[in-house]
Amino acid sequence: MPQSMLKSMDGMQFNGSINLSQAVNKLKSVEVLACLDPVTIEMIIPALKEDADKMETLSKVIDEGDSVEIYAVRNGERFSELYIINVTRSDADKHELSAIYITGDFSADDLKNL
1031 MPQSMLKSMD GMQFNGSINL SQAVNKLKSV EVLACLDPVT IEMIIPALKE
1081 DADKMETLSK VIDEGDSVEI YAVRNGERFS ELYIINVTRS DADKHELSAI
1131 YITGDFSADD LKNL
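The working numbering applies: residue 1031 is where the sequence shown begins, and numbers increase by one.
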C-alpha cells in the first residue's frame, strides 16, 4: 500500500476508538503477502528469510507448527523497516503464510496504534 493510500486513511476510526491518524502519517508503505499453497509457501520462505537476515531479529516464537518472526531496521529508538513473517503448518494440511513489510519512520508505540 503506497503512502498516498495510507494518507487516505488519515482520521479514520475503527470500533469507535482506534484512530490511525498518528501512526499512518509515519508510514511510507505497507506490503502484505499471503499464501495458502503448501508448495508455494516452501518456495517463498527462503527468499523471505534472505531478506530478514539483513535485519535485526526482534522476536522469534516457534510453537509446534506455528512460527512468528519479527525483524526490523532501527535508527536509534525508531524503526525504518519492520518485517513480520507468520507461518502455520498443521497436521490437517492447513498451511498459511503471511508476511508484512512496513517502511517509514515510527516508534514501537506507533506500532501499537496499528
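Each residue gets a CB set at the ideal place from its N, CA and C atoms; glycine is no exception.
Do you know how far the Cα of residue j is from the Cα of residue i?
i: residue 1112; j: residue 1139; result: 13 angstroms
i: residue 1059; j: residue 1123; result: 33 angstroms
i: residue 1126; j: residue 1134; result: 27 angstroms
i: residue 1097; j: residue 1110; result: 23 angstroms
Would you say residue i and residue j are within 7 angstroms of each other, going by their C-beta atoms?
i: residue 1061; j: residue 1131; result: yes
i: residue 1137; j: residue 1108; result: yes
i: residue 1115; j: residue 1094; result: no
How is residue i classed by DSSP in three states: helix, strand or coil?
i: residue 1072; result: helix
i: residue 1041; result: Bear in mind that a pLDDT of 48 at residue 1041, under 50, signals an unreliable position, so the number given afterwards is only what the model happens to contain. Residue 1041 falls in the coil class under three-state DSSP.
i: residue 1067; result: coil
i: residue 1056; result: coil
Using a Cβ-Cβ distance under 7 angstroms, would residue i count as near chain B?
i: residue 1098; result: Annotation note: the requested chain B is absent from the structure, which comprises a single protein chain.
Is residue i close to the ligand COA? I mean its beta-carbon at under 6 angstroms from any heavy atom of the ligand.
i: residue 1101; result: Summarising the ligand content, the structure contains no ligands, and the ligand COA is consequently not present.
Legend entry - Whole beta strand (DSSP E) elements within the region 1067–1129, 3-residue minimum: Entirely contained in the region 1067–1129, the beta strand (DSSP E) runs reaching 3 residues are, in chain order, 1086–1093, 1096–1105, 1108–1119.
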